[in-house]
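J.: Take a look at this one; I'll ask things after.
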Amino acid sequence: MSARLVLLGPPGAGKGTQAARLAERLGVPAISTGDIFRTNIKGGTELGRKAQEYSSRGALVPDEITNAMVRDRLAQDDTAQGFLLDGYPRNVAQVAELDAILADAGLTLDLAVEITADPEVVIERLLKRAQIEGREDDTADVIRHRLDVYAEQTAPISGVYAERGLLAQVDGIGDVDEVTDRLLSAIGSAAR
Ligand code: ADP
4 MSARLVLLGP PGAGKGTQAA RLAERLGVPA ISTGDIFRTN IKGGTELGRK
54 AQEYSSRGAL VPDEITNAMV RDRLAQDDTA QGFLLDGYPR NVAQVAELDA
104 ILADAGLTLD LAVEITADPE VVIERLLKRA QIEGREDDTA DVIRHRLDVY
154 AEQTAPISGV YAERGLLAQV DGIGDVDEVT DRLLSAIGSA AR
């Protein structure tokens, strides 16, 4: 079985938590562009230095940087049975790039699963996370900007996948196990 999946949803919808659980259940790596950027920022790499200029203010990192990073990551052997992308694609141009990366390998995407959540709930969760994790992009102003960027650039992606018949939407409100079960049943019929 292979599972080539994209996880969509607003910041704070629980993508990271669910991605880790789904990856384990499906036996494919969870690939989070946000995590890769944060690891590089912590490690003081050139990529990290560039990414931080944008991520610290809640802006998207330029596509040329992000796309190259994802192309490299998807070329690694552990994606042979598939992958679960979290945080990518994040705008319509990245959707096209992912299509191209897959097409170059003779592959297609199985499904885009969107975790839906009310913006009010999301803001509350992010502010709580800020106190626990201390992420530099979890301040009230930056969160607001991330949500604006999401609404303008990322939310339209759902429509693109819906038109292709590749979108499943799952309610992200409820306990973590419950949401995982909903996601697994949405994915179950699409992963081959
Ligand atoms: P969130 O919790 O807002 O979903 P992530 O952890 O996914 O955040 O990403 C954190 C930051 O990393 C983003 O605000 C953005 O600056 C950068 N980033 C992550 N993924 C992408 C992407 N696909 N394209 C551009 N920038 C990205």
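With my numbering as the guide, the letters of the sequence shown map in order to residues 4 to 195.
By construction, the Cβ of each residue, glycine as well, lies at the ideal position given by its N, Cα and C atoms.
Is R76 a contact residue of ligand 1, with contact defined as CB to any heavy atom under 7 Å?
T.: The residue labelled residue 76 in the question sits at position 73 within the sequence shown. No; taking the cut-off as 7 Å, the Cβ of R76 has no heavy atom of ligand 1 nearer than that.
J.: Expressed to the nearest angstrom, what Euclidean distance is found between the alpha-carbon atoms of S59 and V145?
T.: Your numbering for residue 59 matches position 56 in the sequence shown. Your numbering for residue 145 matches position 142 in the sequence shown. Approximately 8 Å, taken between the alpha carbons.
J.: Compute the Euclidean distance between the alpha carbons of P32 and E49, then round it to the nearest angstrom.
T.: In the sequence shown, counting from the first residue as 1, residue 32 sits at position 29. In the sequence shown, counting from the first residue as 1, residue 49 sits at position 46. C-alpha separation (whole angstroms): 25 Å.
J.: Under 8 Å, do L169 and R7 count as touching if we go by C-beta distance?
T.: To locate residue 169, count along the sequence shown from 1; it is residue 166. To locate residue 7, count along the sequence shown from 1; it is residue 4. No, these two residues do not count as a Cβ contact at 8 Å.
J.: So, L150 versus P14, is the Cβ gap smaller than 8 Å?
T.: Taking the first residue of the sequence shown as 1, we reach residue 150 at position 147. Taking the first residue of the sequence shown as 1, we reach residue 14 at position 11. Taking 8 Å as the Cβ cut-off, L150 and P14 qualify as a contacting pair.
J.: Which stretch, first to last residue, makes up the alpha helix (DSSP H) that contains E56?
T.: One-based indexing of the sequence shown puts residue 56 at position 53. That run of the alpha helix (DSSP H) goes 49 to 58.
J.: Would you mind stating whether T238 and Y91 have Cβ atoms separated by less than 8 Å?
T.: What is shown of the chain runs 4 to 195, which leaves residue 238 out entirely.
J.: Per DSSP, G85 forms a beta bridge with which residues?
T.: One-based indexing of the sequence shown puts residue 85 at position 82. In the DSSP output, where bridge partners are listed per residue, G85 has A6.
J.: Express the C-alpha separation of K45 and T183 in angstroms, rounding to a whole number.
T.: Walking along the sequence shown from the start, residue 183 turns up at place 180. Walking along the sequence shown from the start, residue 45 turns up at place 42. Whole-angstrom Cα-Cα distance: 30 Å.
J.: At the level of alpha carbons, what is the spacing between D178 and L88?
T.: Along the sequence shown, read from residue 1 onward, the residue named residue 178 stands at position 175. Along the sequence shown, read from residue 1 onward, the residue named residue 88 stands at position 85. Rounded to the nearest whole angstrom, the CA to CA distance from D178 to L88 is 22 Å.
J.: Could you tell me whether the Cβ atoms of L186 and Q21 are closer together than 8 Å?
T.: Taking the sequence shown and counting its residues from 1, one reaches residue 186 at position 183. Taking the sequence shown and counting its residues from 1, one reaches residue 21 at position 18. Their beta carbons are under 8 Å apart, which means L186 touches Q21 by this criterion.
J.: What span of residues does the beta strand (DSSP E) with E117 cover, start to end?
T.: As a first step, residue 117 is located in the sequence shown; it is residue number 114 there, counting from the start. Where E117 is concerned, the enclosing beta strand (DSSP E) stretches over 114 to 119.
J.: May I ask whether a heavy atom of ligand 1 can be found less than 7 Å away from the beta carbon of Q97?
T.: The residue labelled residue 97 in the question sits at position 94 within the sequence shown. Because some heavy atom of ligand 1 lies under 7 Å away, the Cβ of Q97 counts as near it: yes.
J.: Could you spell out the range, first to last residue, of the beta strand (DSSP E) harbouring D80?
T.: As a working mapping, residue 80 is identified with position 77 in the sequence shown. Per DSSP, D80 belongs to no beta strand (DSSP E) and is neither H nor E.
J.: For the alpha helix (DSSP H) containing Q97, name the first residue and the last one.
T.: Against the sequence shown, residue 97 aligns to sequence position 94. Start and end: 95 to 107.
J.: Let me make sure I understand the geometry here. Which of L25, L10, G12, E100 has the alpha-carbon closest to that of D180?
T.: Numbered from its first residue, the sequence shown carries residue 180 at position 177. Comparing Cα-Cα distances from D180 to each of L25, L10, G12, E100, the minimum goes to L25.
J.: So the beta strand (DSSP E) I34 belongs to, where does it begin and stop?
T.: For the purposes of this step, residue 34 is taken as the residue at position 31 of the sequence shown. Start and end: 33 to 35.
J.: Identify whether V173 lies in helix, strand or coil by the three-state DSSP scheme.
T.: On the sequence shown, position 170 is the one that residue 173 refers to. Strand, per DSSP.
J.: Taking the beta carbon of D140 as the centre, do at least 16 other beta carbons fall within 10 Å, making it buried, or is it exposed?
T.: Working through the sequence shown from its first residue, we reach residue 140 at position 137. Its Cβ being crowded by 16 or more others within 10 Å, D140 is buried.
J.: Could you check if T69 is buried or exposed, using at least 16 other CB atoms within 10 Å of its CB as the buried criterion?
T.: Within the sequence shown, the letter at position 66 stands for residue 69. A residue is called buried when at least 16 other Cβ atoms come within 10 angstroms of its Cβ; T69 meets this threshold and is buried.
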